[in-house]
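Residue numbers (this note's numbering): 1192 to 1259.
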Amino acid sequence: MFPFSCLMHSLRQVEQDVETVIHVLQPGPIGIVEHKFTDTEILEARATVKRAVDNWRRNWTLEKNVGR
């Protein structure tokens, strides 16, 4: 059986990952009509979102298996 403390840690990690995705996807300050993202910014944002989704999927699988 999966220890409760590990499950709580996993849930906190998922919450942090979701907050990161939301932060990455937020538009810039009001008043900026157009912002050209650099290639580096785009790659970093994609990597952050991918990590968050991968973590979410892994934690979802763990949680699903805990219920068995």
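We put the CB at the ideal spot given by N, CA and C, even for glycine.
With DSSP run on the structure shown, which of helix, strand or coil describes K1227?
-> In the three-state DSSP reduction, K1227 falls in the coil class, being neither helix nor strand.
Decide if A1243 is buried, meaning its Cβ has at least 16 other Cβ atoms within 10 Å, or exposed.
-> With 16 or more Cβ atoms within 10 Å of its Cβ, A1243 is classed as buried.
Leaving out the 5 sequence neighbours to the left and right, which residues in its chain are closer than 6 Å to S1196 when beta-carbon positions are compared?
-> Excluding positions up to five away in sequence, the list is empty.
Distance, D1208 Cα to N1246 Cα | Their backbone Cα atoms lie some 8 Å apart in a straight line.
Q1268 by DSSP, collapsed to three states: which one?
-> Limits of the chain in this structure are 1192 at one end and 1259 at the other, which puts residue 1268 out of reach.
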